[in-house]
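Chemist: Chains as they are written, first to last, in the UniProt record's numbering: chain Z, 1 to 313; chain A, 1 to 452.
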Amino acid sequence: MLKTSATDVIPEKKVEAKQKSKFKLTANDKYYASIFAGPSLFLLGLFVFYPMFRTLYISLFLTNTFGNTTLFVGLENYVKLISSPDFVSSMWVTLVYVVGVTFFTIAMGLLLANLASQKLPGIAIFRTLYSVTMGVSVSVAAIFWLFIFNPSAGFFTLLTKMLNLPTINWLANPTNAMWAIIITTVWMHLGFVFLVFLGAIESVPTTLYEAADVEGVSKHYQFFHITLPMISPTLFFISTITIIGSFKSFGLIDLITKGGPTNATNMLVYRIYNDAFFGGNYAKSSAEAIILTVIIAFFTYLQFKFLEKKVNY
Amino acid sequence: MSKYKKLIVSVGVILGVVLITFFGKNVFAQSKPQDNRTQIVFWHEMGGPAEKTLLKLVNDFNKSQSKYQVIPKYQGSYDTAIQKIFQTHGTNTSPAVFQSSNISTAQVLHSGYTTPIQKFVDQDHYDLSKISPVARAFHAQGGKQQAMPFNTSQPVLYYNASLLEKYGITPPSVSPSYSEITKIAKELYEKSNHKVKGMTVQIYGWLLEEAIANSGGMFANENDGHTGIPTKVSIDTPESVEFFKWIRENIKNGNFMDYGSGSMASTNQTSGFLTNKVGMYIQSSASMSQLNKKNKNKLGITYFPHPDGKKANGVSIGGAALWVSNDKSEAIQKGAYEFIKYTVRPEVQAEWQKSTGYMALNRDSQKTSILQKFYAKHPEGKIPGQQLNSTVPNYDNSGILLEGMQTIRKLEEDAMEKIYRGGDIKQILKNNERAINDLVYSQNRANGLTKE
């Protein structure tokens with residue numbers, strides 16, 4: 001679908017570009033440009049660029065109880081953060097979480113999408129079931145999972161008791177709490193990822209599989225050598241948004257663990273929020289926000305640089 | 001034609017939205033009957049059953065006189081509310097009177113955003129001596145009352161009296177020592193065939209601060225901030241080591257239930273207590289109404305445990321106080337004071353204690369029929385008030401006046417959690433003390449309170 005439309009459009013554009021080789025903005029063009037782009041530029045400036053530069057500015061100062069800048073300290077906030085074991089552990093925790101969430105979301109999403117793409121009677125029921133988490137809001141999911149993880153009456157506790165296994169205190173132990181958060185986030189993301197993957201898998205031309213079947217190639221081989229390369233643009237897209245999305249994860253952490261136990265799930269974004277709106281330390285949290293921005297930009301750059309080359313469009 | 005139709009409809013919708021946002025407020029406001037009363041905006045952070053009681057209190061105040069009308073507005077948790085109060089000060093959305101958690105006391109004091117309650121008390125010749133001295137001490141500076149304590153709690157030890165009776169265990173004394181509690185916890189765990197854990201202490205910084213206060217230890221220098229700006233916090237002290245040794249001993253005995261520190265820890269702890277999974281726990285006296293309502297067992301209450309071989313020094317209060325904002329006109333501020341005065345009336349405080357578990361601060365409340373009837377039904381309900389009244393205020397038990405207590409408490413909780421999971425008590429306390437002091441130093445510097 002995407003391919004055909006792309007081939008239709010591109011030649012036209014080329015022709016246009018050739019005709020207007022001496023491209024120059026007339027007064028009229030400028031007028032229209034400012035009318036069309038002006039409002040969105042204004043809004044972007046007000047709500048994105050101004051806060052961005054303001055954050056950068058605040059991060060170079062100390063702020064008092066009311067969030068006003070008082071003392072210029074240059075890069076001191078950054079130096080302090082990077083040398084604080086607390087913040088470094090937060091970065092590691094975030095990294096573990098992002099890698100965990102991205103890996104499991106993509107693996108599970110691919111698995112489910114592959115299963116649901118089989119032509120079997122009643123498969124539509126499963127397609128609906130697998131994508132149903134898209135309609136669940138974060139707060140509802142958090143409450144739902146809190147019931148499951150409850151150490152006295154939770155579903156997992158009842159299950160392990162029934163099977164006479166030792167009970168796991170999901171939210172009190174640092175490692176378990178990290179797993180609990182990863183499981184919950186993967187579950188939340190899965191519906192959307194599944195749906196996108198399913199669409200991509202469905203759009204792979206069936207002739208490829210037919211040819212493979214004629215050659216007697218195993219299904220397993222078909223998946224890795226036909227399906228995966230054919231859906232690689234989708235894979236790239238999903239991995240990018242999952243990585244960025246999980247870096248920015250907030251709601252589930254706030255509602256399930258509040259960053260605990262012993263800061264084991266205190267991700268960067270949650271730390272930024274806590275330092276500003278709970279601790280009132282706006283300078284520190286601004287510096288943290290800038291560091292997070294740099295990290296996300298770096299990852300996105302890496303992805304475009306290395307992953308995109310391997311993508312078949 | 002249809003093109004224009006679309007355009008007209010969309011322009012109409014946009015215009016409508018704009019008009020409503022700009023003028024709607026006036027239109028709707030006018031439809032209400034005009035009220036000549038002075039409006040007093042009151043920000044509070046009471047949720048759940050306490051909010052219901054508070055709204056009734058406000059309503060009763062509004063009916064009791066014709067000059068003022070208090071408009072209560074719920075602001076979420078204490079910690080985010082204080083940020084909102086600071087950020088809106090001086091604008092017309094700011095409150096005239098607000099409830100602020102005790103741990104924010106230093107911040108509010110230093111902000112200079114409030115009018116000391118003492119000013120109105122002096123003008124009115126109101127007799128403050130009827131209000132609990134320990135509660136007043138937290139919000140007083142230089143002998144002047146800055147705010148009025150409102151919802152005041154004490155940390156107490158709750159025990160399941162029915163369970164202790166069932167297993168033939170002597171209940172703890174009114175003011176138990178650490179070892180006494182350990183002994184009962186162990187007995188309960190063993191006699192119940194390991195079905196009931198003996199005790200739990202939530203990973204909650206407030207409880208550590210109270211343990212230090214009750215052992216007669218000092219948390220911050222400058223007499224916990226009562227005589228100057230604190231520059232140093234001590235948690236690596238014999239008092240805290242003893243407290244943690246007590247907890248560790250119980251963890252080692254296997255009779256301690258650890259509920260962790262997540263958002264559900266407190267809820268899980270309460271439900272564990274109510275479902276006979278744990279026999280004793282320390283919590284705010286404000287939990288009492290909830291425990292009374294849902295409890296099938298007999299509830300027992302004692303004072304906060306104290307170290308062996310020492311007399312309890314008494315604990316400081318928890319909860320929040322009411323402050324008068326100084327960015328409003330004289331008349332509104334006067335109204336705010338009238339409302340505050342109403343909240344500490346004997347019968348109002350009695351009703352407040354009965355339905356929330358916070359303590360009645362007015363000495364005369366104890367004589368009211370409301371509390372007399374309540375005590376007849378729940379004799380243990382007297383204990384928190386007794387603990388409060390038997391405490392002689394000194395600097396150790398009058399609360400901590402230190403900015404940034406929210407973040408400091410988080411660091412305390414980190415230390416508690418690490419200690420609960422094993423690890424060297426002294427080393428952990430030393431590290432976290434250093435982290436807390438770094439924070440204290442940098443916030444003093446940011447607020448211009450230290451010399452460079």
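Quick reminder that beta carbons are idealized off the backbone N, C-alpha and C, glycines included.
These numbers come from a predicted model, not from an experiment.
For the alpha helix (DSSP H) that contains Q146(A), what are its first and last residues?
Modeler: Counting from 1 along the second sequence, the entry for residue 146(A) is found at position 146. Unbroken run through Q146(A): none, as it is neither H nor E.
Chemist: With DSSP run on the structure shown, which of helix, strand or coil describes M280(A)?
Modeler: In the second sequence, the residue the question calls residue 280(A) occupies position 280. If DSSP states are grouped into helix, strand and coil, M280(A) belongs with the strands.
Chemist: Checking 9 Å against the spacing of the C-beta atoms, do N253(A) and T182(A) come in under that value?
Modeler: Residue mapping note: residue 253(A) aligns to position 253 of the second sequence, counting from 1. Residue mapping note: residue 182(A) aligns to position 182 of the second sequence, counting from 1. Against a cut-off of 9 Å, the Cβ pair of T182(A) and N253(A) comes out as a contact.
Chemist: For D62(Z), does the three-state DSSP call read helix, strand or coil?
Modeler: On the first sequence, residue 62(Z) is found 62 positions in, with the first residue counted as 1. In the sequence on display, residue 62(Z) carries Leu and not Asp. Strand at L62(Z).
Chemist: Would you mind giving the Cβ-Cβ distance between A287(Z) and Y78(Z), rounded to the nearest angstrom? I have them listed as a contact below 8 Å.
Modeler: Start at 1 with the first residue of the first sequence, and residue 287(Z) comes out as number 287. Start at 1 with the first residue of the first sequence, and residue 78(Z) comes out as number 78. Rounded, the Cβ-Cβ distance is 5 Å, consistent with contact.
Chemist: Within 9 Å of any Cβ in chain Z, is that where the Cβ of G448(A) sits?
Modeler: Here residue 448(A) corresponds to residue number 448 of the second sequence, with the count starting at 1. True, the Cβ-Cβ gap to chain Z drops below 9 Å.
Chemist: Just to confirm, are T38(A) and G335(A) a CB contact at a threshold of 9 Å?
Modeler: Within the second sequence, numbered from 1, the residue matching residue 38(A) stands at position 38. Within the second sequence, numbered from 1, the residue matching residue 335(A) stands at position 335. Cβ distance < 9 Å, so T38(A) and G335(A) count as in contact.
Chemist: May I ask you to report which of helix, strand or coil DSSP gives F250(Z)?
Modeler: The residue labelled residue 250(Z) in the question sits at position 250 within the first sequence. In this structure, F250(Z) counts as coil in the three-state DSSP scheme.
Chemist: How is Y167(A) classed by DSSP in three states: helix, strand or coil?
Modeler: Counting from 1 along the second sequence, the entry for residue 167(A) is found at position 167. Residue state, collapsed to three classes: coil.
Chemist: Under a CB-based cut-off of 9 Å, is K197(A) close to chain Z?
Modeler: Position 197 of the second sequence, counted from the first residue, corresponds to residue 197(A). No, no contact with chain Z.
Chemist: Less than 9 Å between the C-beta atoms of K197(A) and Y189(A), yes or no?
Modeler: Translated into positions along the second sequence, residue 197(A) becomes position 197. Translated into positions along the second sequence, residue 189(A) becomes position 189. Yes.
Chemist: Taking DSSP as the reference, what is the three-state secondary structure of S90(Z)?
Modeler: Within the first sequence, the letter at position 90 stands for residue 90(Z). Residue state, collapsed to three classes: helix.
Chemist: Is it buried or exposed, Q65(A), if we count other Cβ atoms within 10 angstroms and call 16 or more buried?
Modeler: The residue labelled residue 65(A) in the question sits at position 65 within the second sequence. Exposed is the call here.
Chemist: Using a cut-off of 8 Å between C-beta atoms, extract the partners of G404(A) located in chain Z.
Modeler: Locating residue 404(A) in the second sequence gives position 404, counting from the first residue. Residues of chain Z passing the Cβ test: G279, G280, N281.
Chemist: Whole angstroms are fine: how far does the CA of E210(A) sit from the CA of P176(A)?
Modeler: Along the second sequence, one-based indexing puts residue 176(A) at 176. Along the second sequence, one-based indexing puts residue 210(A) at 210. Approximately 15 Å between the Cα atoms of the pair.
Chemist: Is the beta carbon of P166(Z) less than 9 Å from the beta carbon of T175(Z)?
Modeler: Residue 166(Z) sits at position 166 when you count from the first residue of the first sequence. Residue 175(Z) sits at position 175 when you count from the first residue of the first sequence. No, Cβ-Cβ distance for P166(Z) and T175(Z) is not below 9 Å.
Chemist: Under a CB-based cut-off of 9 Å, is A265(A) close to chain Z?
Modeler: Mapped onto the second sequence, residue 265(A) falls at position 265. At least one chain Z Cβ lies under 9 Å of A265(A).
Chemist: Can you name the residues that DSSP bridges to L207(A)?
Modeler: Here residue 207(A) is taken as the residue at index 207 of the second sequence, counted from 1. For L207(A), which the question treats as bridged, DSSP gives no partner whatsoever.
Chemist: Roughly how far, in whole angstroms, is the beta-carbon of residue 456(A) from the beta-carbon of N326(A), given that I think they are within contact range, below 8 Å?
Modeler: In the structure as shown, chain A begins at 1 and stops at 452. Residue 456(A) is therefore absent and cannot be evaluated.
Chemist: Candidates L208(A), N297(A), D258(A), L439(A): which alpha carbon is nearest T275(A)'s?
Modeler: Locating residue 275(A) in the second sequence gives position 275, where the first residue counts as 1. For T275(A), the nearest C-alpha among the options comes from N297(A).
Chemist: Pull out every residue of the region 425-440 of chain A whose Cβ sits closer than 8 Å to any Cβ of chain Z, in chain order.
Modeler: Listed in sequence order: A435.
Chemist: Between the region 49-69 of chain Z and chain A, which residues of the former have a C-beta closer than 8 Å to a C-beta of the latter?
Modeler: Here the close residues are L62, T63, N64, T65, F66, G67.
Chemist: Against Q107(A), what residues of chain Z qualify as contacts under a CB-to-CB distance less than 7 Å, listed in chain order?
Modeler: By one-based count along the second sequence, residue 107(A) stands at place 107. In chain order: T65.
Chemist: Under a CB-based cut-off of 9 Å, is H110(A) close to chain Z?
Modeler: In the second sequence, counting from the first residue as 1, residue 110(A) sits at position 110. With 9 Å as the cut-off, H110(A) counts as an interface residue toward chain Z.
Chemist: I'd like to know whether the C-beta of G260(A) is nearer than 9 Å to at least one C-beta of chain Z.
Modeler: Looking up residue 260(A) in the second sequence gives position 260. True, the Cβ-Cβ gap to chain Z drops below 9 Å.
Chemist: Apart from the five residues on each side of it in sequence, which residues of its chain come closer than 7 Å, Cβ to Cβ, to V41(A)?
Modeler: Taking the second sequence and counting its residues from 1, one reaches residue 41(A) at position 41. Same-chain partners within the cutoff: I71, K73, P95, A96.
Chemist: Quick check on the burial criterion: 16 or more other C-beta atoms within 10 angstroms. Buried or exposed for S285(A)?
Modeler: The residue given as residue 285(A) occupies position 285 in the second sequence. Buried.
Chemist: Which residues of the region 317-346 of chain A have a Cβ closer than 8 Å to any Cβ of chain Z? Give them in chain order.
Modeler: So nothing in the stretch comes that close.
Chemist: Using a Cβ-Cβ cut-off of 9 Å, state whether D29(Z) counts as contacting chain A.
Modeler: Here residue 29(Z) corresponds to residue number 29 of the first sequence, with the count starting at 1. It does not: the Cβ of D29(Z) has no partner Cβ on chain A nearer than 9 Å.
Chemist: Is it right to say T302(A) is buried, meaning 16 or more other beta carbons lie within 10 angstroms of its own, or is it exposed?
Modeler: Against the second sequence, residue 302(A) aligns to sequence position 302. The residue in question, T302(A), is buried, as its Cβ has 16 or more Cβ neighbours within 10 Å.
Chemist: Classify G218(A) as helix, strand or coil using the three-state DSSP reduction.
Modeler: Taking the second sequence and counting its residues from 1, the one referred to as residue 218(A) is at position 218. The amino acid at residue 218(A) is misidentified as Gly; the sequence shows Met. Three-state DSSP puts M218(A) in coil, outside helix and strand.
Chemist: Relative to chain A, which residues along the region 146-160 of chain Z have a C-beta separation below 9 Å, given in chain order?
Modeler: Flagged, chain order: L146, F149, N150, P151, S152, A153.
Chemist: If I256(Z) and I181(Z) are in contact, beta carbons under 8 Å, what's the gap, nearest whole angstrom?
Modeler: Stepping through the first sequence from its first residue, residue 256(Z) is reached at position 256. Stepping through the first sequence from its first residue, residue 181(Z) is reached at position 181. Confirmed, Cβ separation roughly 6 Å.
Chemist: Counting only C-beta atoms, is H194(A) closer than 9 Å to chain Z at any point?
Modeler: As a working note, residue 194(A) is residue 194 in the second sequence. Not one chain Z Cβ lies under 9 Å of H194(A).
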